[in-house]
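The UniProt record's numbering puts the sequence shown at residues 1 to 384.
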Amino acid sequence: MVVPLRTALPDCRVLTARVTRIDHATRTAWVDAAPRGELRLPTEVPYDVLVMAPGSVARTAPVPGLAEHGMGFATVGEAVALRNHVLEQLDLASSTRDPELRQAALTFVFVGAGYAGVGALAELEDMARTATKGYHNLDPDDLRWILVEAKDRILGEETPELADHALAELRERNIDVRLSTTLESAVDQLVLLSDGSRFAARTLVWTAGIRPAPVLSLTDLPLDGTGRITCLPTLRIAAPDGTPLPDAWAAGDCAAVPDLAGEPCAPNAQHALAQAKLLAENLTAELAGRPLTAYQPGDPACSTSLGLRRAVAHTRRGARLTGRRAWWLHRARQLRRLPTRERRIRVLTDWLFGGLFQRELVSLGTIEHPRAEFESGFTTGPGT
């Protein structure tokens, strides 16, 4: 569900660039539009009002081998790459005659059993099981899915009843859920867990927590002990003395917005969406000279997909849903959050056609290295 910003925001100037520094005291930002790895002189961008919403990034750990072999699941690019990677492993397992390589290709490890980890694993397991129908020598039972969680339960922000239901659903699908377990090493694609298990796996997905976007450290904005921007309930950034910082706002995972008890809200999508709406309303009110409204978190209304036509969800009225009803509610919430009517119609049409026809699962792994074939033409050898 990707929304083109220039189309959705026709009256805005969209800059595709990296922020290298923000000096709010002078109302100036420095941005670099060059591709990563290339050095360019940053461009100064003066501004009147600052709204910070860069979100968060994966919170990694110093686990040997994780940086070399791990994959994230925080961006659209990572999600596409992970889908292609899983399908590539099915191709590899179907083609190789090496039993150890085949087993490693069919072993998929996810670390972190929050919404992202559970949802990603469940969706990919459902997709891979369907994809095995196209292979003459692969069976769904050949796939090994392992979910590793350091705590004693999955979906820590969900109600215990729905978390238990999701756990039972995953285990019923032969997904190996390891609770109170951590990843100790992944050197040479050999996974070692704290319970003593050791096995080869060519797929390791890290979804064990998030941290504020690193760009916050490149600003002069006040940060709390976790690296998030200190905010008032109105979403205005709070100066060190507790007063509002002029012309500065923040929302989402990067913002430490106090809840009704005075504690910072959890960095999740539910708070981010609600805060984004309130920030727009308060910013408009500020410019018009009207009073501002404090953020008041409502009752949680969360949901997560467990694959096609399966999910867990609860409503703001406290109702708990599972199965198809929860899946339809989860889809409806996703559709409602899209910013334009045209985008909603497009996505809904895709979903309708997807329900009428079988999935077309094709590996596009070559897009990860688009120049590989071209570069191979420049290699020298006998006969060249």
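Yeah, the Cβ is synthetic: ideal placement off N, Cα and C, and Gly gets one too.
Check                                                                                                : Outcome
Segments of 4+ residues assigned as alpha helix (DSSP H) that fall wholly inside the segment 1 to 47 : 5 to 8
Residues near Leu193 in its chain [Cβ-Cβ closer than 8 Å; skip 5 each side]                          : Val148, Arg178, Thr181, Thr182, Leu183, Glu184
For Met71: DSSP bridge partner residues                                                              : Val205
Residue span of the beta strand (DSSP E) that contains Arg129, given as start and end                : Careful: Arg129 lies outside any beta strand (DSSP E), inside the alpha helix (DSSP H) at 115 to 131.
Integer Cβ distance of Arg173 from Glu125, believed to fall under 8 Å                                : 7 Å
Where residue 416 falls: helix, strand or coil (DSSP)                                                : No information on residue 416 is available, as it lies outside the stretch 1 to 384 that the chain covers here.
Proximity winner among Val76, Leu5, Arg211, relative to Val14 (alpha-carbon distances)               : Leu5
Residue span of the beta strand (DSSP E) that contains Glu184, given as start and end                : 183 to 185
Integer-rounded CB distance, given that Leu283 should sit under 8 Å from Arg337                      : Going by Cβ atoms, the distance from Arg337 to Leu283 rounds to 20 Å, so no, they are not a contact pair.
Three-state class that DSSP yields for Phe353 in the structure shown                                 : helix
CB contact flag (Thr116, Val86, <7 Å)                                                                : In the sequence as displayed, the identity of residue 116 is Ala instead of Thr. No, the Cβ-Cβ distance between Ala116 and Val86 is not below 7 Å.
Opposing strand residues paired with Trp145 [DSSP bridges]                                           : Phe108
Nearest neighbour of Gly262, chosen from Thr230, Ala280, Arg83 [CA to CA]                            : Thr230
Reduced DSSP category for Ala285 - H, G, I as helix; E, B as strand; rest coil                       : helix
Span separating the alpha-carbon of Ala81 from that of Ala201                                        : 17 Å
Where Pro54 sits in the DSSP three-state scheme                                                      : coil
Assigned exposure category for Ala29 - 16 Cβ within 10 Å defines buried                              : buried
For Leu306, the three-state DSSP class (helix, strand or coil)                                       : coil
Through-space distance from Gln270 to Val19, alpha-carbon basis                                      : 26 Å
Sequence-distant residues of its chain with Cβ nearer than 6 Å to Pro109 (five each side left out)   : The sequence shown places Val at residue 109, not Pro. Here the set comprises Ile146, Val191, Ala201, Leu204.
Pro160 beta carbon near the ligand SAM (any heavy atom closer than 6 Å)                              : Among the components modelled here there is no ligand, and therefore nothing to report on the ligand SAM.
Delimiting residues of the alpha helix (DSSP H) encompassing Val76                                   : 76 to 95
Check whether His17 and Val31 have beta carbons under 7 Å apart                                      : For clarity, residue 17 is Ala in the given sequence; the question names His instead. Yes, they are a contact pair.
Nearest residue (CA-CA) to Ser94, options Ala67, Pro64, Ala74, Leu143                                : Leu143
Status (buried if at least 16 other CB within 10 Å, exposed otherwise) for Pro212                    : buried
DSSP-derived helix/strand/coil call for Ile175                                                       : coil
Simplified DSSP assignment, three categories, for Cys254                                             : helix
First and last residue of the uninterrupted alpha helix (DSSP H) at Ala326                           : 323 to 336
Rounded straight-line distance, which links the Cα of Arg27 to that of Asp48                         : 6 Å
As assigned by DSSP and simplified to three states, the class of Ala168                              : helix
contact_flag[the segment 307 to 316, the segment 324 to 332] where n(CB pairs < 8 Å) is 3 or more    : yes
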